[in-house]
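Novice:
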Amino acid sequence: MNNYGPEVLLSEPAVPAAEHRKLPQFKNAARVQESLLARSEKIALLWWAARMPQWVNSDHLTLVGLASLIGAGACYWFARWDRLWLLGAIVFLALNWFGDSLDGTLARFRNRQRPRYGFYVDHVVDAVGTFFLLGGMALSGIMSAPVAIGLLIVYLLLMIEVCLATYTIGVFQISFFKMSPTELRIALAIGNLFGLAIPVGHVFGYEFLIFDVGGIIGIFGMGLILFLSVIRNTRNLYVQERLP
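Just remember that this note's numbering sits 2 ahead of the position in the sequence shown, which is counted from 1.
Structure follows, in structure tokens:
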């Protein structure tokens, strides 16, 4: 809540939407990428960017990233009838890394950056793609639907928090606790191999889905990151805008 009275709010001049698009105040947020594989990943992406054909641009790679997440979700769905489709999901996860990670690198390498457009489209694509990915896992039979839905909810909440922090604080946090989307893709690919070999576990006479264990760990892990980030960013903003 703000402390402005209605007379002050009503006196503020309205700026047409068209004028907002012309304002030059936009400033790139600082990117924080400190994951375990960040250095190796950057070297690999620059290598690919230098060898990418000129007719390929960042939009093409973004579409590859989206299509691959949809493809991975379809593979999980088909795994309900044949678990060998989990291997196909690994291939699509690799393609997703290629498209999703290289699109921004290619734009920076060629100095063809559109920071607002890129940030917006990337996050919309990630949200839609993750919906299809986890939707496929919910239909796969190797992960229960409530766990998949829980993962989707906490992922979207964390994405909202990251976007809000990027806007208000000017810091785009890509990695948390040395983990980034790249490490998560690798963990999911390893989980696919476990799911292919041992989809169901047994402890003390209880049966459980291996993917449910990973999903619950993911929910609590992202939930903890979300909680800590909200506390930290709220405190920082409170201090920066402390009222007299």
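Glycine residues also receive a C-beta, built at the ideal position from the N, C-alpha and C atoms.
If I follow the unbroken beta strand (DSSP E) through L211, where does it start and stop?
Specialist: Y208 to L211
Novice: Using alpha carbons as the reference points, say which of T236, Q35, L47 and A69 lies closest to E163.
Specialist: T236
Novice: Could you tell me whether the stretch 152-167 touches the stretch 87-104, using the rule of 3 or more Cβ pairs below 8 Å?
Specialist: Because the criterion of three Cβ pairs below 8 Å is not met, the stretch 152-167 and the stretch 87-104 do not touch.
Novice: When you compare only the Cα positions, how much space is there between Y78 and A69?
Specialist: 14 Å
Novice: Tell me which same chain residues have a C-beta within less than 6 Å of the C-beta of A147, skipping the five on either side of it?
Specialist: A140
Novice: Considering only residues of the same chain and omitting the five flanking positions on each side of L135, which have a CB-CB separation below 7 Å?
Specialist: So the list reads L71, A74 and G75, once near-sequence residues are dropped.
Novice: Return the chain-ordered list of same chain residues with a C-beta closer than 6 Å to the C-beta of S182, the five sequence neighbours on each side being excluded.
Specialist: S37 and I176
Novice: Of the choices A40, R118, L65 and Q35, whose alpha-carbon is the least far from that of V130?
Specialist: Closest in alpha carbon position to V130, among A40, R118, L65 and Q35, is L65.
Novice: Alpha carbon to alpha carbon, what distance is there between N113 and T143?
Specialist: Note that residue 143 is Gly in the sequence shown here, rather than Thr. If I take the Cα positions, the gap works out to 45 Å.
Novice: For A31, which residues in the same chain have their Cβ closer than 7 Å to its Cβ, ignoring the five residues on either side in sequence?
Specialist: T168, G172, V173 and F174
Novice: Alpha carbon to alpha carbon, how far is S60 from R110?
Specialist: Cα to Cα, S60 sits roughly 10 Å from R110.
Novice: Any idea which residues DSSP pairs G248 with across the strands?
Specialist: A query on residue 248 cannot be resolved here, the shown segment of the chain reaching from 3 to 246 and no further.
Novice: Tell me whether the beta-carbon of L198 lies closer than 9 Å to the beta-carbon of R85.
Specialist: yes
Novice: To the nearest angstrom, how far is the alpha carbon of F222 from that of R118?
Specialist: 31 Å
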